[in-house]
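Data first, discussion second: the structure below is written as structure tokens.
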Amino acid sequence: MLAVVHEGIAFPLLWTMLDKKGNSNSGERMDLFDRFEALFPDVEVACLTADREFVGRDWLSYLLIDPEVPFRLRIRHSELISPK
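Each position in the sequence shown, counted from 1, maps to that position plus 242 in my numbering.
Next up, the structure:
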């Protein structure tokens with residue numbers, strides 16, 4: 243699910259029903275964000291916030307391509323994010 247937050251309340255904009263248990267993979271998250279960008283091409287994302295299960299090398303690389311999407315990811319204390 244992708245939502246916009248206004249005054250502390252999240253309003254869902256887009257989501258994908260997964261035909262599986264568990265969370266989405268990097269490709270599914272990238273597809274969802276691509277849908278968002280297609281629907282709202284002129285919107286500038288102030289910050290993408292995600293919980294700890296939304297990590298992955300491909301996903302982080304996707305967020306860092308031009309134009310970069312500012313993000314905050316909550317991660318487990320045992321995980322590290324390196325610049326490479």
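Heads up, the beta-carbon is just placed ideally off N, CA and C, and yes, glycines get one too. The structure displayed is predicted, hence computed values, not measured ones.
Counting every other CB atom within 10 Å of its CB across the protein chains shown gives S303 a total below 16, marking it as exposed. Under the DSSP assignment, L260 falls outside any alpha helix (DSSP H); it carries neither an H nor an E label.
One thing to note: L290 has its Cβ no nearer than 9 Å to the Cβ of P309.
Each residue's CA atom was taken as its position, placing F275 and V287 some 11 Å apart. L256 is the residue among A252, S266, L256, L315 whose C-alpha sits nearest the C-alpha of F282.
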